[in-house]
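Here's the structure we're looking at; comments come further down.
Chains as they are written, first to last, in UniProt numbering: chain A, 1 to 801; chain B, 1 to 801.
If you want it as structure tokens, here you go:
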């Protein structure tokens with residue numbers, strides 16, 4: 001075993017996680033902050049994914065041994081999986097919509113009928129009780145069975161695609177929890193959406209399909225073994241996420257664009273979803289789906305005849321964008337504060353979590369039922385295209401408490417499912433239907449209910465709440481502007497929704513396409529683009545987008561695609577992990593076991609040293625997971641020689657299981673005799689690791705790391721007479737918190753920061769207070785028990801609860 | 001000057017381009033095929049672009065010295081430029097449409113009036129003569145004034161964005177030639193499109209705006225100096241290309257997606273274009289634009305009321321996709337053969353070029369005028385929504401030679417502008433309007449006219465011809481299937497257009513969005529997606545997409561984003577450029593001048609050697625362009641020391657001009673005394689070049705090179721006691737032709753090739769026969785006269801003519 005120590009200074013602020021008195025390590029400089037996720041000042045052992053192609057001799061040989069048929073089989077299975085993803089996702093999406101429409105619909109029909117009979121208190125009681133029951137079920141199920149199912153799921157999927165390995169997010173348990181939870185939570189009239197959970201559900205489905213059955217019961221399909229690696233799994237998740245968006249919004253292209261990477265197979269999956277949904281709608285059109293009708297699959301057709309806008313409609317639209325941007329940033333800001341408070345409450349135990357969810361439910365029910373009483377009844381318009389008031393079904397004119405021939409405009413919005421509310425808001429030629437005061441009340445109610453509903457312990461999406469809020473805001477602005485514009489209020493609602501989406505989520509192009517697909521009005525496109533650009537620009541000047549904020553709160557080490565200016569002032573040597581732990585090409589078993597037990601590193605350089613080579617030569621990089629496979633198989637030699645061992649392994653041995661099920665070094669038992677034997681690491685080392693010279697600027701190294709999607713990057717010296725590898729870079733070495741920790745002065749050099757207009761009350765210092773992960777101190781006290789797997793689970797669930 | 005020789009074998013098949021007897025070089029292994037573009041077996045000195053951020057001390061210091069205001073100014077200017085691009089592109093696009101509609105419209109009105117008076121021969125003569133005159137003008141102008149304006153321009157823009165520096169493509173002369181040429185060529189009834197040229201025009205506008213005036217007359221705007229580098233220019237070209245697509249198709253989002261990279265500023269530019277076009281349409285609506293009407297801006301509204309499709313419509317759509325894919329591949333195949341014949345004709349001189357263009361024009365005119373006589377006249381339908389026959393304007397029912405109350409269906413398609421033909425084909429509720437035989441004649445005519453019209457010496461796009469051909473094919477299939485489907489013939493035309501676009505161009509997602517934006521029918525989306533996927537898959541099995549084919553014919557070293565399997569079997573050391581020419585950190589002027597004069601390399605490693613360092617250390621990489629700036633400024637020292645020279649340079653000195661205007665080493669005159677002095681290269685060397693270890697597999701190196709968009713990548717040794725850099729990789733080292741040249745056995749190892757179903761008559765061997773670039777032999781005979789600039793121009797124009 002080689003030990004390399006190449007630091008100059010002796011800084012050791014905290015004890016290292018590896019035991020420093022361990023045989024021949026000579027740790028001169030310790031960088032305790034790397035290779036274990038560092039968020040704030042906390043060590044959070046979230047791992048990274050291996051997207052890199054491991055080019056080792058074994059895999060090359062294995063690939064070479066495959067016939068054309070096996071290669072064809074692999075390509076064929078890729079497409080079949082995408083077809084299956086499309087089919088299953090559309091089925092599940094349809095099932096969820098069917099569930100929500102029927103449960104919520106029945107509730108509203110029963111309540112409305114009681115209202116018709118003027119049994120107002122009974123109606124209120126039934127409404128509140130059913131909401132309460134549904135929320136209780138959703139939160140109990142989430143808290144007790146599948147804590148990872150709470151929340152939107154989009155931050156998790158986004159982090160996964162970024163290369164962060166989060167355990168339990170794609171398990172069957174989470175999937176079931178999310179499906180049942182979202183049906184009951186959305187049916188309970190909470191202001192939450194089903195789009196985010198739908199994306200999470202679809203990604204889970206994709207992963208599980210790729211898994212090809214349960215590993216526990218040995219029911220796996222051999223053809224799918226080749227998909228058991230992070231790279232293929234990422235592609236599946238991409239297809240799944242795209243299919244999820246397609247199913248949630250019937251927006252196939254928007255789904256494909258969501259990740260930025262254009263994957264043909266994702267395109268295929270979304271096309272399958274779109275066609276299947278069309279089939280389901282045909283089926284439901286004949287009335288076989290209960291209260292489902294055809295509207296359950298969100299689609300707001302705002303096509304109006306001869307819609308024309310002029311250049312003088314642009315200024316009000318710009319104004320809408322500016323205010324929308326400010327509102328979006330404010331939304332994110334308040335949401336963050338509320339989530340921090342919820343986090344404190346959730347930390348006290350499951351009872352508190354359930355209590356919080358139920359409180360929000362009762363509060364919501366009271367508001368929904370109570371507020372419409374504030375609005376005055378209005379006479380039905382003569383010659384309306386639909387019945388007024390609408391009874392027993394969705395529509396623009398809710399009767400609520402009004403006399404016959406009258407309707408309650410606020411109830412039409414608030415005492416309704418979110419989908420119907422959006423449909424009412426987006427509807428055209430209804431400019432005189434809603435009062436300004438009703439619209440304002442609705443907007444304020446939605447704004448705060450969205451924020452207070454998101455963080456509860458139940459699946460909950462943000463997309464639909466933001467659309468409802470934005471649409472009511474836009475429609476209100478349209479009412480204020482009145483007749484001086486050629487745009488009707490329905491179009492203002494669409495633009496308002498776009499402005500709040502741009503201000504809160506900032507994912508401009510995909511949101512643009514999604515909104516277009518949702519509203520089926522392409523002529524609106526340029527205005528939507530302008531609104532999104534303006535609101536995104538304004539909001540970006542104020543704070544981070546909502547998903548980044550959520551990921552930061554959850555402590556995911558998300559790697560941005562751009563380098564910050566201060567990174568140009570640093571070289572990779574300034575931040576790289578030290579000391580570097582290396583293996584020799586032919587290594588003693590004892591050394592491997594010791595190193596794996598005493599470090600948490602996941603990649604180790606393999607260096608050939610004399611006498612096996614003339615001088616120390618970098619051979620490659622070996623993964624912890626592969627080392628453990630080698631140790632388990634016990635293909636050891638008594639003497640330090642390299643022999644052909646290919647026939648003793650199959651590629652299945654190296655397959656990586658999903659969802660954090662990893663073999664641990666602690667589970668491997670070796671005799672003393674075996675410990676003294678040798679392993680030839682050459683055939684299993686990635687002989688083409690990506691490397692950077694130590695003088696490379698950190699900014700450029702980050703671009704390399706992020707663009708190629710690496711987990712480990714080796715740092716090599718630029719002078720001779722030194723070891724062939726002098727450090728290793730991982731995701732965590734690029735985290736701003738890590739760099740600021742090493743060089744506190746950088747954090748203060750505002751010169752190199754992006755110019756961001758910061759209001760004093762919007763400070764971001766709050767981030768570093770609540771630790772989502774275990775503290776360094778805690779981890780040190782129990783270095784044996786907190787193995788990576790369990791440690792992550794605990795810390796992760798801590799937040800989710 | 002250091003000399004590094006690190007090959008083992010002595011292969012020197014051809015004489016090297018650098019003189020081997022030059023002082024202390026010791027060239028042991030010569031790789032003559034790199035650093036100069038290698039296409040087929042020809043040396044083609046097309047250069048690459050520098051997208052990499054040059055992180056040298058000078059630029060860092062320069063950036064540091066800028067105040068916040070200058071940084072803000074830079075960001076502000078970026079957005080202002082995008083606004084300007086949007087405004088100018090929409091103006092130019094409008095002008096082109098206005099020109100085409102009025103010129104072509106006048107021609108058709110005059111001819112139709114003569115037809116009404118039954119002066120058929122006069123009409124034919126006027127029609128043919130005006131077409132001939134317009135084509136003559138377009139081809140003369142292109143051949144004599146701006147040869148780079150010929151063709152579509154999309155391959156050039158695509159190659160530019162890929163990092164290939166093609167001279168003259170973005171000059172004012174090319175811009176004017178393209179604008180005037182496309183107006184006259186499209187007006188002359190040739191079956192060519194204006195979308196491709198529009199993209200080229202818009203990219204030129206973007207580059208010229210970034211240039212900020214003419215350098216020749218010293219009319220440059222200082223604020224724009226920071227944009228004079230390849231990186232910012234690429235972003236401008238991206239915005240320009242997106243704006244061009246938006247202007248051509250009124251498809252803003254499709255434009256943004258075109259390149260794959262999502263750039264907010266491109267989004268902004270396209271939004272500006274969309275809004276401006278809306279303004280122009282408002283203006284024209286009042287009849288101020290002559291024959292322009294509002295239809296000139298292509299937009300085919302195929303929204304039909306209550307459009308519904310069912311699952312059983314999917315099989316015919318799949319069939320459409322399969323046949324479309326085969327047709328698309330056949331289109332590409334025939335186009336390639338025709339272009340090769342045209343190339344031979346064009347090589348004989350300008351007269352032949354003009355003659356060819358005029359022949360195609362006369363042939364086209366005869367077909368357009370003659371074919372409708374084959375079709376029988378049909379009685380006008382009773383109760384049609386528009387006048388029948390339509391006289392003096394565009395419409396579905398052309399009278400042509402028919403009696404009153406009758407129309408000629410083939411004339412409606414063929415004796416019309418392409419835009420009107422597409423509108424007729426896409427129109428719904430006109431299923432009985434066209435005869436099957438007319439449609440078949442039209443399809444066959446379009447298919448071959450598209451192919452024969454593309455290669456003439458005039459600006460010509462492929463997009464609209466492919467849409468027309470595909471739409472007629474789709475409509476014909478729709479007619480054959482008849483009433484067993486719920487889709488009308490207009491929708492079949494849209495799907496047919498999609499299938500041929502997918503089969504020929506294969507750019508699926510952007511085409512999908514463009515078609516949607518063109519047809520304003522989102523419900524059709526899933527079917528369009530399926531058709532595109534099927535046709536792309538089928539066609540990919542047969543041959544390469546049309547743009548790749550064009551780029552290959554033109555000899556552009558386009559770098560694919562994926563690695564071929566055989567690349568995993570090679571290491572970078574196997575293909576890297578050798579011998580490596582290096583500079584010392586402080587280098588003698590004479591050595592620099594000699595090396596620049598005797599090599600064509602554009603990047604040189606800078607190595608610190610004793611006594612300036614303890615051992616040879618890689619400092620960085622310096623560009624030829626920067627060396628020439630240093631030599632021109634003559635900041636030399638009498639002794640080999642490094643002194644601070646920052647104040648003698650400004651960043652403007654290092655600005656890179658557009659369109660191949662580069663200072664040449666031959667133009668710099670130095671005295672003997674100056675030749676003996678020294679330059680300190682350290683402050684001007686990129687201290688963070690991207691590097692790979694020599695054992696890195698070529699596949700992974702390619703991914704790194706392509707993903708980050710590099711021009712030079714240094715190869716470093718993996719053993720000590722060797723020079724710190726042992727090779728350099730450029731774009732040309734990754735070209736399959738180069739690798740096959742070095743390792744001919746690879747070309748035969750079909751095992752590692754993608755399984756491609758190849759028909760014997762579709763062989764690709766034709767590629768390597770006609771040299772688009774000068775031969776190695778030629779180049780060797782005149783090493784002094786063929787400087788990079790002129791050499792490229794010649795070879796490039798050779799093809800274009």
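C-beta atoms are modelled at their ideal positions from N, C-alpha and C, and glycine is treated no differently.
The structure presented is a predicted model; accordingly, all values stated were derived computationally and were not measured.
Tell me which residue opens and which closes the beta strand (DSSP E) that residue i is part of.
i: residue 587 (chain A); result: 586 to 588
i: residue 153 (chain A); result: Counting along the chain, residue 153 (chain A) falls outside any beta strand (DSSP E), and DSSP gives it neither H nor E.
i: residue 605 (chain A); result: 603 to 608
i: residue 619 (chain B); result: 617 to 623
i: residue 679 (chain B); result: 678 to 680
Given that residue i touches chain A, what residues does it touch there, using C-beta distances under 9 angstroms?
i: residue 618 (chain B); result: 693, 695, 718 and 719
i: residue 372 (chain B); result: Per Cβ cutoff of 9 angstroms: no residues; residue 372 (chain B) is ~34 angstroms from chain A at best.
Along chain B, in chain order, which residues have C-beta atoms closer than 8 angstroms to that of residue i?
i: residue 525 (chain A); result: 252, 253, 274 and 517
i: residue 683 (chain A); result: What residue 683 (chain A) touches in chain B: nothing, since even the nearest Cβ is about 15 angstroms away.
Where do the N-terminal and C-terminal ends of the alpha helix (DSSP H) with residue i fall, by residue?
i: residue 120 (chain B); result: 120 to 144
i: residue 95 (chain B); result: 68 to 116
i: residue 285 (chain B); result: 264 to 285
i: residue 653 (chain A); result: Here residue 653 (chain A) belongs to no alpha helix (DSSP H), and DSSP marks it neither H nor E.
i: residue 663 (chain A); result: Careful: residue 663 (chain A) lies outside any alpha helix (DSSP H) and carries neither H nor E.
i: residue 574 (chain B); result: 572 to 575
Could you work out which residues of chain A lie near residue i, taking near to mean beta carbons separated by less than 8 angstroms?
i: residue 687 (chain B); result: 695 and 697
In chain B, which residues lie less than 9 angstroms from residue i when you measure between Cβ atoms?
i: residue 429 (chain A); result: By Cβ distance, chain B contributes nothing, its closest Cβ being about 17 angstroms from residue 429 (chain A), past 9 angstroms.
In chain B, which residues lie with their C-beta within 7 angstroms of the C-beta of residue i?
i: residue 310 (chain A); result: 282
Going along chain A, which residues have a C-beta under 7 angstroms from residue i?
i: residue 703 (chain B); result: 708
i: residue 561 (chain B); result: Under the 7 angstroms cutoff, chain A gives no residues; its nearest Cβ is about 11 angstroms from residue 561 (chain B).
Item to check | Within 7 angstroms of chain B by C-beta, residues of the region 569 to 591 of chain A in sequence order | outcome: So nothing in the stretch comes that close.
Checklist entry - Going along the chain, which residues of the region 267 to 287 of chain B sit with their C-beta nearer than 8 angstroms to a C-beta in chain A? => result The region 267 to 287 of chain B vs chain A, Cβ under 8 angstroms: 267, 268, 270, 271, 274, 275, 278, 279 and 282.
Checklist entry - What residue ranges within the region 339 to 425 of chain B form continuous alpha helix (DSSP H) runs of no fewer than 4 residues, ordered along the chain? => result Fully enclosed alpha helix (DSSP H) runs of 4 or longer: 350 to 370 and 409 to 414.
Checklist entry - Taking contact to mean at least 3 C-beta pairs separated by less than 8 angstroms, is the region 672 to 690 of chain A in contact with the region 554 to 567 of chain A? => result The region 672 to 690 of chain A, when compared against the region 554 to 567 of chain A, does not touch it at the 8 angstroms Cβ threshold.
Item to check | Cβ contact (3+ pairs, closer than 8 angstroms) linking the region 59 to 69 of chain A and the region 248 to 257 of chain A | outcome: Result no; under three Cβ-Cβ pairs closer than 8 angstroms.
Next on the checklist: Runs of 4 residues minimum, wholly inside the UniProt domain "CBS" (684 to 745) of chain A: which ones carry the alpha helix (DSSP H) assignment?
Outcome noted: You should have 698 to 708 and 736 to 742.
Checklist entry - Closer than 8 angstroms, Cβ to any Cβ of chain A: which residues of the region 55 to 66 of chain B, in chain order? => result Going along the region 55 to 66 of chain B in chain order, one finds 55 and 60 with a Cβ nearer than 8 angstroms to chain A.
Checklist entry - Taking three-plus beta-carbon pairs below 8 angstroms as touching, is the region 433 to 441 of chain B in contact with the region 162 to 181 of chain B? => result These segments do not touch.
Checklist entry - Could you give the uninterrupted runs of the alpha helix (DSSP H) lying entirely in the region 473 to 497 of chain A, keeping only those of 4 residues or more? => result Taken in chain order, the region 473 to 497 of chain A contains no complete alpha helix (DSSP H) segment of 4 residues or longer.
Item to check | Members of the region 474 to 491 of chain A that neighbour chain B once the beta carbon cut-off is set at 9 angstroms | outcome: Listed by position along the chain: nothing, the set is empty.
Checklist entry - So does the region 327 to 347 of chain A actually touch the region 369 to 377 of chain A, counting three or more Cβ pairs closer than 8 angstroms? => result Output reads no: the region 369 to 377 of chain A does not touch the region 327 to 347 of chain A.
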